[in-house]
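Comments concern the structure below.
What follows is the structure, encoded as structure tokens:
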């Protein structure tokens, strides 16, 4: 079995490795850089979900894989607050799609002001921490949880949920 990830991000690859180890231990993982087809910093769940699915479809096709996996993070307003989460899409060879998300965390007013200036969260985090490529390591999840939930763990949770329609009892799915 071959699973293609629509990203070359190290944390996302680790997340898929963790996920595959639980569901498909013999799977070959291939990472391909593909476009999301959405803005660099999605500002709604719908946009982030669309980006994840676009990446999953493109990765599956590019690698001729059994499954394509795409991840796209974005923030979403709820009332007068904003929350960030990552969406995972899994596309099977026959076109069936599974979706899942990571846990959400609230973005402070400070972060939102910087995002509304047109910056990406990764860029903002790197600037605030004085580091580079935090997104390839623990990510914002790791920073705000003191390393207890890292980006790869959060992304793996989203992927495990997105694989649900393909690995769980079919009685839960009416669209097979």
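In the numbering used here, the protein residues as written are 21 to 196. We put the beta carbon where it would ideally sit given N, CA and C, even for glycine.
Distance between beta carbons of residue j and residue i, contact taken as under 8 Å
{"i": "residue 89", "j": "residue 79", "result": "7 Å"}
{"i": "residue 58", "j": "residue 70", "result": "6 Å"}
{"i": "residue 267", "j": "residue 155", "result": "The structure shown does not extend to residue 267, since the chain is modelled only from 21 through 196, so no value can be given for it."}
{"i": "residue 22", "j": "residue 172", "result": "In fact, because the Cβ distance is near 21 Å, the residues do not count as touching under 8 Å."}
{"i": "residue 163", "j": "residue 145", "result": "7 Å"}
{"i": "residue 24", "j": "residue 50", "result": "5 Å"}
{"i": "residue 96", "j": "residue 65", "result": "5 Å"}
{"i": "residue 106", "j": "residue 178", "result": "5 Å"}
Residue environment, residue i, which counts as buried when at least 16 other CB atoms sit within 10 Å
{"i": "residue 222", "result": "In the structure as shown, the chain starts at 21 and stops at 196, and residue 222 therefore has no counterpart that could be examined."}
{"i": "residue 36", "result": "buried"}
{"i": "residue 87", "result": "buried"}
{"i": "residue 32", "result": "buried"}
{"i": "residue 99", "result": "exposed"}
{"i": "residue 74", "result": "buried"}
{"i": "residue 149", "result": "exposed"}
{"i": "residue 166", "result": "exposed"}
{"i": "residue 138", "result": "exposed"}
{"i": "residue 28", "result": "exposed"}
{"i": "residue 115", "result": "exposed"}
{"i": "residue 147", "result": "exposed"}
{"i": "residue 152", "result": "exposed"}
{"i": "residue 104", "result": "buried"}
{"i": "residue 92", "result": "buried"}
Cutoff 8 Å; reference residue i; Cβ partners in own chain excluding five residues on either side
{"i": "residue 140", "result": "60 and 61"}
{"i": "residue 30", "result": "156 and 157"}
{"i": "residue 85", "result": "22, 23, 24, 50, 79 and 113"}
Neighbourhood of residue i by C-beta distance below 7 Å, restricted to the same chain and skipping five residues each side
{"i": "residue 182", "result": "108, 109, 110, 118, 119 and 120"}
{"i": "residue 193", "result": "185"}
{"i": "residue 176", "result": "35, 38 and 39"}
{"i": "residue 63", "result": "94 and 95"}
{"i": "residue 26", "result": "52, 54, 75, 76, 78, 79, 88, 89 and 90"}
{"i": "residue 134", "result": "144"}
{"i": "residue 72", "result": "90, 91, 92, 107, 108 and 109"}
Residues of its chain near residue i, where Cβ-Cβ distance is below 6 Å and the 5 sequence neighbours each way are ignored
{"i": "residue 48", "result": "22"}
Next item on the list: Inspect the CB distances between the region 178–190 and the region 33–49 and report whether three or more fall short of 8 Å.
Entry: yes
Check: In chain order, which continuous runs of the beta strand (DSSP E) of length 3 or greater are located wholly inside the region 115–158?
Finding: 117–121 and 125–127
Item checked: Inside the region 21–59 only - beta strand (DSSP E) runs reaching at least 3 residues -> 22–25 and 48–51
Check: Mind pulling the alpha helix (DSSP H) runs of 4 or more residues that sit fully within the region 60–113?
Finding: 65–83
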